[in-house]
Amino acid sequence: MEVEACAVCMQPANQRCSGCHVIYYCSRDHQKSDWKLHRGKCVPFKVCENALLGRHLVATRDIKEGVVVLKELPLVAGPPQITPPVCLGCYRTLDLFGSRECVTCGWPLCSDKCGESQAHKPECHITSTRRGAKVSVKTFHQPHPTYQCLLVLRCLYQRDSNPDVWKKLQNLESHCEERRKTPRYEEDRVAVAQFVRRFFNLQDFSEEQILRVCGIVQSFTSSGGLIIRTAEPILKGQHLSICYSDALWGTANRRHHLSETKFFWCTCERCADPTELGTFFSAIRCKNR
1 MEVEACAVCM QPANQRCSGC HVIYYCSRDH QKSDWKLHRG KCVPFKVCEN
51 ALLGRHLVAT RDIKEGVVVL KELPLVAGPP QITPPVCLGC YRTLDLFGSR
101 ECVTCGWPLC SDKCGESQAH KPECHITSTR RGAKVSVKTF HQPHPTYQCL
151 LVLRCLYQRD SNPDVWKKLQ NLESHCEERR KTPRYEEDRV AVAQFVRRFF
201 NLQDFSEEQI LRVCGIVQSF TSSGGLIIRT AEPILKGQHL SICYSDALWG
251 TANRRHHLSE TKFFWCTCER CADPTELGTF FSAIRCKNR
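Position 32 (the sequence shown) corresponds to 32 in UniProt numbering; numbering is contiguous.
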């Protein structure tokens, strides 16, 4: 049996971290002293990569059902691309009579307090310093085209204001090459990349850089975070997965959606089973029975 080394002193160790079951220590004192460094890595999974799945998570130990294995706040948050005007401080839906313009940039808000929020700072700064003129939003209760670029603007703002966040964003998967062949890529190129460079005078960002950000942004919970909880026991070595499509769709629809939006052909247990785990969910009901 191979002897493990202490993460602190590299001496032989047999005390394993009970959280991730990956790191070893030679003593309790060394485990305590290393906790600040190890805390961010103490998770029951590791990041792996292959040609089929790309980057994915693999369990480093057996995980029980109902365990929260990952809970993260977003690097950047903002409204969806297709949205009617919302307050850029609290995301409340606005109307003509219940909104006010930010005195600095003109973006509509629900209150002066939201105008001072950190959430609103990126687009306020870019509009006032790069565009040089206020934004004017007069149409409510229907999707507004200017909001298509809002979250992308907030991401681009990180390059100069928060380089650490920008670096993390750049390390995320964008599927740029796969997206290049889709209608959505061309829509983002015109409605977001070209618009941002022209309207906000952000010529120092290339179309390719902006389109990469378009491919990175993703939504998870209504509060903007990501929570992954196990729905069933997961064995060590199995990869962790979440449902990207509607579980009430049949296999053909799910696979088509995943191929078009996530760029892989799903071979999960359900998709690979013609009976869909015995449910015959996609079967045609016989009218004679």
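Every residue, glycine too, gets a C-beta built ideally from N, C-alpha and C.
Requested in this report: State the Cα-Cα distance for the pair N50 and L240, rounded to the nearest angstrom.
Outcome: On the sequence shown, residue 50 is found 50 positions in, with the first residue counted as 1. On the sequence shown, residue 240 is found 240 positions in, with the first residue counted as 1. About 14 Å.
**Report entry** Nearest-angstrom Cβ-Cβ length linking C110 and E123, presumed shorter than 8 Å
**Finding:** As a first step, residue 110 is located in the sequence shown; it is residue number 110 there, counting from the start. As a first step, residue 123 is located in the sequence shown; it is residue number 123 there, counting from the start. Under the criterion of beta carbons closer than 8 Å, C110 and E123 do not qualify as touching, at roughly 15 Å.
Query raised in the report: What span of residues does the beta strand (DSSP E) with H256 cover, start to end?
Result: The residue you call residue 256 lines up with position 256 of the sequence shown. DSSP places H256 in no beta strand (DSSP E) but in the uninterrupted alpha helix (DSSP H) bounded by 251 to 261.
Query raised in the report: Which same chain residues, not among the five before or five after F280, have their C-beta less than 6 Å away from its C-beta?
Result: Taking the sequence shown and counting its residues from 1, the one referred to as residue 280 is at position 280. Excluding positions up to five away in sequence, the list is empty.
Requested in this report: Take F262 as the anchor and find which of C286, Q81, G54, S18 has the nearest alpha-carbon.
Outcome: The sequence position of residue 262 within the sequence shown is 262, counting from 1. The residue you asked about is not Phe; residue 262 is Lys in the sequence shown. K262 has its Cα closest to that of G54, out of C286, Q81, G54, S18.
Report task. With DSSP as the reference, label Q147 as helix, strand or coil. Result -> The count along the sequence shown starts at 1 and reaches residue 147 at position 147. Just to set this straight, residue 147 is Tyr in the shown sequence, not Gln. DSSP places Y147 in helix when its eight states are reduced to three.
Query raised in the report: First and last residue of the alpha helix (DSSP H) that includes L37?
Result: Residue numbering aside, residue 37 sits at position 37 when the sequence shown is read from its first letter. 28 to 38 is the extent of the alpha helix (DSSP H) around L37.
Query raised in the report: On the three-state DSSP scale, how would you describe T127?
Result: One-based indexing of the sequence shown puts residue 127 at position 127. Of the three classes helix, strand and coil, the one that applies to T127 here is helix, per DSSP.
**Report entry** Beta-carbon contacts of P12 that lie in its chain and below 6 Å, excluding the five residues immediately before and after
**Finding:** Position 12 of the sequence shown, counted from the start, is the residue given in the question as residue 12. Same-chain partners within the cutoff: V3.
Query - C48 - DSSP class collapsed to helix/strand/coil - result: The residue labelled residue 48 in the question sits at position 48 within the sequence shown. Of the three classes helix, strand and coil, the one that applies to C48 here is strand, per DSSP.
Query - I126 to D95 span [Cα, whole Å] - result: Counting from one through the sequence shown, the residue named residue 126 turns up at place 126. Counting from one through the sequence shown, the residue named residue 95 turns up at place 95. About 24 Å.
Requested in this report: Return the bridge partner residues of I234 from the DSSP annotation.
Outcome: Mapped onto the sequence shown, residue 234 falls at position 234. According to DSSP, I234 bridges with I63.
**Report entry** Whole-angstrom distance between R285 and L169, CA atom to CA atom
**Finding:** Within the sequence shown, numbered from 1, the residue matching residue 169 stands at position 169. Within the sequence shown, numbered from 1, the residue matching residue 285 stands at position 285. The straight-line gap from Cα to Cα measures roughly 47 Å.
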